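First up is the structure itself, then whatever we jot down about it.
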Amino acid sequence: MVSGDLKLALTIPRGSLTEQKFSPIVLGCVLNNRNVYTRLKATECPDATMVDNNPLILERGEGSYVWDLDGKKYIDLCAGFGSLALGHNHKRLKKILENSTLYQGMGDVYASRSKLECLETLKSFLPEDFTHGAFAVTGSQAVELALKTACLYTGGSGVISFTEGYHGLDLGLLPITGREDFRAPFKGLLAKEIVEHVPYNSSNEKLEAALSALKRREVKPACVIAEPILGRGGMILPEEGFLERLSSFCKKNGILLILDEILTGLGRIGTYTSSHEISCDIICLGKILGGGFPISSCFAKKDIMKSWDLGQVESLHTGTFFGHPLMCELSKETLLEIKENSLAEKAKQLGEFLEKSLKEKLSHSKKIKDIRIRGLMGAIEFKEDGLAAKAMFSLRENGLILIPSGKEARTLSMTPALNISKDTLEEAISILTQTLLETL
Ligand SMILES: Cc1ncc(COP(=O)(O)O)c(C=O)c1O
Numbered sequence: 023m024v025s026g027d028l029k030l031a032l033t034i035p036r037g038s039l040t041e042q043k044f045s046p047i048v049l050g051c052v053l054n055n056r057n058v059y060t061r062l063k064a065t066e067c068p069d070a071t072m073v074d075n076n077p078l079i080l081e082r083g084e085g086s087y088v089w090d091l092d093g094k095k096y097i098d099l100c101a102g103f104g105s106l107a108l109g110h111n112h113k114r115l116k117k118i119l120e121n122s123t124l125y126q127g128m129g130d131v132y133a134s135r136s137k138l139e140c141l142e143t144l145k146s147f148l149p150e151d152f153t154h155g156a157f158a159v160t161g162s163q164a165v166e167l168a169l170k171t172a173c174l175y176t177g178g179s180g181v182i183s184f185t186e187g188y189h190g191l192d193l194g195l196l197p198i199t200g201r202e203d204f205r206a207p208f209k210g211l212l213a214k215e216i217v218e219h220v221p222y223n224s225s226n227e228k229l230e231a232a233l234s235a236l237k238r239r240e241v242k243p244a245c246v247i248a249e250p251i252l253g254r255g256g257m258i259l260p261e262e263g264f265l266e267r268l269s270s271f272c273k274k275n276g277i278l279l280i281l282d283e284i285l286t287g288l289g290r291i292g293t294y295t296s297s298h299e300i301s302c303d304i305i306c307l308g309k310i311l312g313g314g315f316p317i318s319s320c321f322a323k324k325d326i327m328k329s330w331d332l333g334q335v336e337s338l339h340t341g342t343f344f345g346h347p348l349m350c351e352l353s354k355e356t357l358l359e360i361k362e363n364s365l366a367e368k369a370k371q372l373g374e375f376l377e378k379s380l381k382e383k384l385s386h387s388k389k390i391k392d393i394r395i396r397g398l399m400g401a402i403e404f405k406e407d408g409l410a411a412k413a414m415f416s417l418r419e420n421g422l423i424l425i426p427s428g429k430e431a432r433t434l435s436m437t438p439a440l441n442i443s444k445d446t447l448e449e450a451i452s453i454l455t456q457t458l459l460e461t462l
């Protein structure tokens, strides 16, 4: 997921290590990081795994620890890009996997008990007026569902999104990503005229100008899509009052506010959803929702979701794996574990501890520009481009997994499991601070 950022930082073209010839079946060969990576590179699309001079192949995980194929142990502060809410191999989810009686269902045709239970459980995490939702598989699909919903409800198609925002890379979403490097190779396939990008924390004047630009092109505006904190953009925080201002702007102009909480939602930043504080119309959730398994959701207020009721016989938006019974079961258990163990509140407390510790130990460093922590979502921003990618490799050597974020790979991002223990977090802080101070 960070491969584009790393490519930029390391300036190694993808595919440059892929030309080695070998036999796919090596009898008697003991698998290790190096030989599995080499075989992977000879078989896989060059874009699918980052180029790595010292490859790491994940083999097994337990809680907040993972082991690679060479047997080396790491603390995992990335936790499946923030999706492993309960860490690796949690016993509650293992039990579901062992006892499941229905692996696959029939999507929009015949529902399952677990779909209903998951939907109701998720609803209990949201404000009361978010009454109706649907499931998809990936975060990107939840955002596509949200955009289609906004289109149906408003009759418009114009979207205002943020230059540094990230909502996924599916074709329908590429026009709303602010990153030109993600869009450029596919330009011919994209309906760019429906989108206006503005910088995060923009003034009302800039937002008004974006609205006018859409109207000038005769595109009826439908929505603004915003992350409560920009994650992949480098953990950029909203300025005081910005999200409230955005909400008023949408209301005033009769368009919807979609909050993309795929990364920030369900406990990550110490709250279940930012929609308790920010009045919005549609919420997208993913990552933590599945506890490491692929499931996402889009929830809206009843009158908004009702706009899907077009009297059609066949579902207009479905997929083979939407509302997958096993994923729903795993998701429900993940949500219940979060609620029963107050993991959102714990994330808030651990985040305060993380922030205090990192600031105490690192604030004096001349290489570091800022440290931003909200719950268990954290970032260390460096002053120079590429330093976060360099740090990632040094940290890995010392047994800690973290990834860069932001286009220039200036920011090291942290999204550990919500149930990480204080001892493990302390161990991670110690490796992190020592490594950064010694190697940068
Ligand atoms: C805010 C946000 N929205 C959407 C997505 C896309 O989710 P997925 O990669 O599951 O499609 C991401 C992924 O990182 C995200 O952070």
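In the numbering used here, the protein residues as written are 23 to 462. Note that the Cβ used here is the ideal one computed from N, Cα and C, for glycine as well. In this text the structure is predicted, and so the values were computed from the model without any measurement.
Inset, instruction - Following the continuous beta strand (DSSP E) through Y175, name the residue where it begins and the one where it ends. - result: Careful: Y175 lies outside any beta strand (DSSP E), inside the alpha helix (DSSP H) at 161–176.
Legend entry - Proximity winner among G180, L311, K361, S86, relative to E240 (alpha-carbon distances): G180
Legend entry - As assigned by DSSP and simplified to three states, the class of I47: For I47, the predicted structure reports a pLDDT of 49, less than 50, and the residue's modelled location is therefore unreliable. A value from the coordinates is still provided. Looking at I47 - three-state DSSP - the assignment turns out to be coil, as it is neither helix nor strand.
Inset, instruction - Could you tell me the distance, in whole angstroms, from the CA atom of K43 to the CA atom of T65? - result: Only weak support exists for where K43 lies, its pLDDT of 43 falling under 50; the value from the coordinates is given anyway. About 11 Å.
Inset, instruction - Work out the CA separation of I216 and K5 for me, nearest whole Å. - result: In this structure the chain extends from 23 to 462, so residue 5 is not present and cannot be described.
Inset, instruction - Taking F315 as part of the beta strand (DSSP E), name the residues at either end of that continuous run. - result: That residue, F315, is in no beta strand (DSSP E); it is neither H nor E in DSSP.
Inset, instruction - Look at the Cβ atom of L281, then the Cβ atom of A369, and state whether they are nearer than 7 Å. - result: no
Inset, instruction - Select from E230, G155, L259 the residue whose C-alpha is nearest the C-alpha of G187. - result: L259
Legend entry - Any non-hydrogen atom of ligand 1 closer than 6 Å to S387 Cβ: no
Legend entry - Inter-residue spacing [alpha-carbon to alpha-carbon] between T286 and I393: 17 Å
Legend entry - D74 versus S385: straight-line alpha-carbon distance, rounded: 30 Å
Legend entry - Backbone CA spacing between A248 and L233 [nearest angstrom]: 15 Å
Inset, instruction - Determine the contact status of I304 and T171, defining contact as a CB-CB distance below 7 Å. - result: yes
Inset, instruction - To the nearest angstrom, report how far apart L91 and C67 are at their CA atoms. - result: 22 Å
Legend entry - Backbone secondary structure at P243 - three-state DSSP: strand
Inset, instruction - Spell out a yes or no on whether the segment 134–150 and the segment 335–355 are touching, meaning 3 or more CB-CB pairs, one atom from each, closer than 8 Å. - result: yes
Inset, instruction - Could you name the residues of the same chain whose beta carbon sits closer than 7 Å to that of P316, not counting the 5 residues immediately before and after it, in chain order? - result: V159, T160, M349
Inset, instruction - Counting only the same chain and skipping the five closest in sequence on each side, list residues whose C-beta sits under 8 Å from that of A366. - result: L288, G289, G292, T293, Y294, I360, G397, L440
Legend entry - Proximal residues to R267 (C-beta, below 8 Å), its chain only, five neighbours per side dropped: N226
Inset, instruction - Decide if D27 is buried, meaning its Cβ has at least 16 other Cβ atoms within 10 Å, or exposed. - result: Here D27 scores only 43 on pLDDT, less than 50, and its place in the model is too uncertain to base an answer on.
Legend entry - Sheet register partners of Y87 (DSSP bridge): E84, I97
Legend entry - Residue closest to G313, alpha-carbon to alpha-carbon, out of G102, L167, M436, A168: G102
Inset, instruction - Kindly list the residues whose CB is nearer than 6 Å to the CB of D192, restricted to its own chain and excluding five residues on each side of it in sequence; keep chain order. - result: S162
Inset, instruction - Answer with yes or no whether the minimum CB distance from A107 to chain C is below 7 Å. - result: Looking at the structure shown, chain C is missing, and only one protein chain is on hand.
Inset, instruction - Starting from L391, follow the beta strand (DSSP E) in both directions and report where the run begins and ends. - result: Reading the sequence as shown, one finds Lys at residue 391 and not Leu. Start and end: 390–396.
Legend entry - Cβ neighbour criterion (16 or more within 10 Å) applied to F147: buried
Inset, instruction - State yes or no: is the C-beta of T437 nearer than 6 Å to some heavy atom of ligand 1? - result: no
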